[in-house]
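Residue numbers (the working numbering): 41 to 240.
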Amino acid sequence: MSEENNLNNIFISGWGGYKELFPLITEKTDFYVPFLAPMDVIKRSIKKGGKTAMGWSTGAHILLKYAPKYIDKWDKIIAIAPFSDFTKSFGSKILDAMIRGIDQNFYNTMDNFYKRCGIQENVTVDHKDAEKLKNGLIFLKTSKLVKGIYSDKITVIYGSNDRIVKRSDIARILKMFSHACYIEVQQQHFVNEEMLAQFL
Numbered sequence: 041m042s043e044e045n046n047l048n049n050i051f052i053s054g055w056g057g058y059k060e061l062f063p064l065i066t067e068k069t070d071f072y073v074p075f076l077a078p079m080d081v082i083k084r085s086i087k088k089g090g091k092t093a094m095g096w097s098t099g100a101h102i103l104l105k106y107a108p109k110y111i112d113k114w115d116k117i118i119a120i121a122p123f124s125d126f127t128k129s130f131g132s133k134i135l136d137a138m139i140r141g142i143d144q145n146f147y148n149t150m151d152n153f154y155k156r157c158g159i160q161e162n163v164t165v166d167h168k169d170a171e172k173l174k175n176g177l178i179f180l181k182t183s184k185l186v187k188g189i190y191s192d193k194i195t196v197i198y199g200s201n202d203r204i205v206k207r208s209d210i211a212r213i214l215k216m217f218s219h220a221c222y223i224e225v226q227q228q229h230f231v232n233e234e235m236l237a238q239f240l
């Protein structure tokens, strides 16, 4: 952050969700990229509490996983394109193919994923992150949300043109977090950060 984050807003990004994708949000939050930042550091940031905890995709999944335990420590939790079980939207075979792709053609695999998210610009990725990103895909094969919570502090945002997370999994999330506010936007998996920054 360029200035002190007095309100303790956090943003947990998605798999491969580097800061350059969210320059505005990076300025307003403590920003974490799952698997590049250690999971215990991310857990501590959730446990600490504050004003707004926001997560996108894998980050939203992680945030909702710990929400039942730490909801009282936050004013609001914003989950963008969350999923309860990634394999219900993006099958295990596709994840296995991506794991192989990271080994065989790292940059092409990342580029194809970003395009599927609806990200138009070229994203600068670092090959030294390959092993950590691979570990993230292995995590996504098995991680599931098992417990929800009844709370009006949670907002779920979903892009109607999402090609990563299926609408049926959003329906599952909304059953688990039954008092959540639901906002649908005409966007893809990657949601415009200017719209998201309004929640901070």
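Glycine residues also receive a C-beta, built at the ideal position from the N, C-alpha and C atoms.
Treat the numbers as computed from the prediction; the structure is a model and nothing was measured.
What does the alpha-carbon distance come out to for the pair F146 and I134?
Numbered from 1 along the sequence shown, position 106 holds the residue referred to as residue 146. Numbered from 1 along the sequence shown, position 94 holds the residue referred to as residue 134. C-alpha separation (whole angstroms): 15 angstroms.
Please state if the CB of K83 and the CB of Y106 are separated by a distance shorter than 8 angstroms.
Indexing the sequence shown from 1 puts residue 106 at position 66. Indexing the sequence shown from 1 puts residue 83 at position 43. Yes; because the gap between Cβ atoms is below 8 angstroms, this pair is in contact.
Quick one: is S42 buried, meaning 16 or more other Cβ sit within 10 Å of its Cβ, or exposed?
Walking along the sequence shown from the start, residue 42 turns up at place 2. Since pLDDT at S42 reaches only 39, below the 50 mark, its modelled position is unreliable, and no value is offered.
Is the region 122 to 136 touching the region 201 to 218, taking contact as three or more C-beta pairs under 8 angstroms?
yes
Which one of S132, G95 and K87 has the shortest CA to CA distance from K113?
For the purposes of this step, residue 113 is taken as the residue at position 73 of the sequence shown. The option with the nearest alpha carbon to K113 is K87.
By Cβ distance, which residues of its chain are closer than 7 angstroms to T149, with the 5 residues on each side in sequence left out?
Here residue 149 refers to the residue found at position 109 of the sequence shown. Only M138, G141 and I142 meet the Cβ criterion.
What are the boundary residues of the alpha helix (DSSP H) that I52 is part of?
Looking up residue 52 in the sequence shown gives position 12. Careful: I52 lies outside any alpha helix (DSSP H), inside the beta strand (DSSP E) at I50 to I52.
Can you tell me which of the three DSSP states A137 falls into?
Position 97 of the sequence shown holds residue 137. Shown here, A137 sits in a helix according to DSSP, grouped into three states.
Pick out the complete alpha helix (DSSP H) segments inside the region 140 to 221, 4 residues or longer, and give them in chain order.
146 to 157, 170 to 182 and 207 to 216
So, with DSSP's three-state summary, where would you put G95?
In the sequence shown, the residue the question calls residue 95 occupies position 55. DSSP places G95 in strand when its eight states are reduced to three.
Can you list, in chain order, the residues of its chain with a C-beta nearer than 7 angstroms to that of A93? Leave out the 5 residues immediately preceding and following it.
Numbered from its first residue, the sequence shown carries residue 93 at position 53. Closer than 7 angstroms at the Cβ level, and outside the excluded window around A93, lie I50, I86, L103, W114 and I117.
Does DSSP classify P74 as helix, strand or coil?
Numbered from its first residue, the sequence shown carries residue 74 at position 34. Three-state result, P74: strand.
If we ignore side chains and look at the alpha-carbon of each, how far apart do I223 and K193 end up?
Taking the first residue of the sequence shown as position 1, residue 223 is located at position 183. Taking the first residue of the sequence shown as position 1, residue 193 is located at position 153. Taking the straight line joining both Cα atoms gives about 14 angstroms.
Reference R203; option with closest CA among A77, N232 and F130:
To locate residue 203, count along the sequence shown from 1; it is residue 163. With distances taken between Cα atoms, R203 lies closest to F130.
Give the straight-line distance between the Cα atoms of H229 and L214, rounded to the nearest whole angstrom.
Taking the sequence shown and counting its residues from 1, one reaches residue 229 at position 189. Taking the sequence shown and counting its residues from 1, one reaches residue 214 at position 174. Roughly 17 angstroms between the two C-alpha positions.
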